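Note that the numbering used here gives residue 189 to position 96 of the sequence shown, counting from 1, and the numbers run on in steps of one.
Cβ atoms here follow ideal geometry from the backbone N, Cα and C, with glycine treated the same way.
Source: prediction; values computed, not measured.
A short write-up of the structure that comes next.
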Amino acid sequence: MDTVSHPRLRVRVLGSGTSMGVPVIGCRCPVCLSDDPRNKRLRSSVSIEAEGRHFLVDCSIDFRAQMLRWPMPRIDALLLTHTHSDHVNGLDDLRSYNYIQHEAIPVYSTRYFLDDLSQRFPYCFNPLQRGGGIPDLDPMMVEPGEPFTVKEIEIQPIEVMHGKLPILGFRLGRLAYVTDCSWIPESSLTLLEGLEVLILTALRRRPHPTHFSLEQSLEVARRVGARHVYFTHIADEMDHEQTNRELPEWARLLYDGQELEIP
94 MDTVSHPRLR
104 VRVLGSGTSM
114 GVPVIGCRCP
124 VCLSDDPRNK
134 RLRSSVSIEA
144 EGRHFLVDCS
154 IDFRAQMLRW
164 PMPRIDALLL
174 THTHSDHVNG
184 LDDLRSYNYI
194 QHEAIPVYST
204 RYFLDDLSQR
214 FPYCFNPLQR
224 GGGIPDLDPM
234 MVEPGEPFTV
244 KEIEIQPIEV
254 MHGKLPILGF
264 RLGRLAYVTD
274 CSWIPESSLT
284 LLEGLEVLIL
294 TALRRRPHPT
304 HFSLEQSLEV
314 ARRVGARHVY
324 FTHIADEMDH
334 EQTNRELPEW
344 ARLLYDGQEL
354 EIP
């Protein structure tokens, strides 16, 4: 029997879309033209509340719009899966939370991605001058498979593969968030056992070289055995309502603004 105490978690879906978002600029497909608000997908990100602590997973291009719609009271840490533009290009707007909190925001990721972040946003990490609206960020290196703690909340970074690029998923208690992956090593699958909720990438129905297709994601979800599985990082080829009708009862597409509670 599992005797480990897990925090109560509340997840807000800030964005469930792929790198181009949905609707895609210039696209006239049925999903992009849909009136269903669940087919309107900002770039992928979630906020997680755990026992009064607030975590942001990725800081998407749409971060400002997301915070205006679903504001976080504070950001105790940014958990960064990787540094592709759709996951980090909202970084400059973190300065608003610096003003609110009067402190730096720790950013947790691997050395590779923290180094890349400092090159993509050099003014944040090696500023020529202070002031002028520069985000105040504190890079914190983590190693895949080695848990770390933020304000008494344990977080497990999990290595997954985005094509040939090793990136991170994150597990908090009985929740895991794994986006943009195309393969999960056996050692990482072990770290995903015993989940209540798995949030997993599912780009589209057709195969893709660097992202799971819907069928591949379902196969991984069955192996992991989480009670509930939600798919994110969704392109414009999958209509929300139609796809959900085809999925097993324990699996659903996420939609922007959705809230999940993990007791």
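- Secondary structure remark: continuous beta strand (DSSP E) runs of at least 3 residues inside the stretch 303-342, in chain order: 321-325.
- The beta carbon of P199 is closer than 6 angstroms to those of A170, D231 and M233 in its chain, skipping five residues each way along the sequence.
- Comparing alpha carbon positions, the residue from A295, G145, I168 and R146 closest to C152 is I168.
- DSSP links A170 through a beta bridge to F148.
- The secondary-structure analysis by DSSP pairs P250 across a beta bridge with F263.
- Under the DSSP assignment, E286 falls outside any alpha helix (DSSP H); it carries neither an H nor an E label.
- The shortest CA-to-CA distance from G318 to any of H255, L161, E196 and L284 is the one to L284.
- In the DSSP assignment, P123 is bridged to no other residue.
- In this chain, the alpha helix (DSSP H) harbouring S189 covers R188 to Q194.
- For L353, the enclosing beta strand (DSSP E) covers residues E352 to I355.
- Taken atom to atom, the span from the alpha-carbon of I327 to that of L126 is near 16 angstroms.
- Contact between L265 and I141 holds: CB atoms are separated by about 6 angstroms, below the 8 angstroms threshold.
- Each residue's CA atom was taken as its position, placing F305 and G226 some 38 angstroms apart.
- Exposed is the label assigned to Y192, since fewer than 16 other Cβ atoms lie within 10 Å of its Cβ.
- At a Cβ-Cβ threshold of 9 angstroms, Y323 and I277 do not count as neighbours.
- Counting along the chain, the unbroken alpha helix (DSSP H) around M160 starts and ends at F156 to R162.
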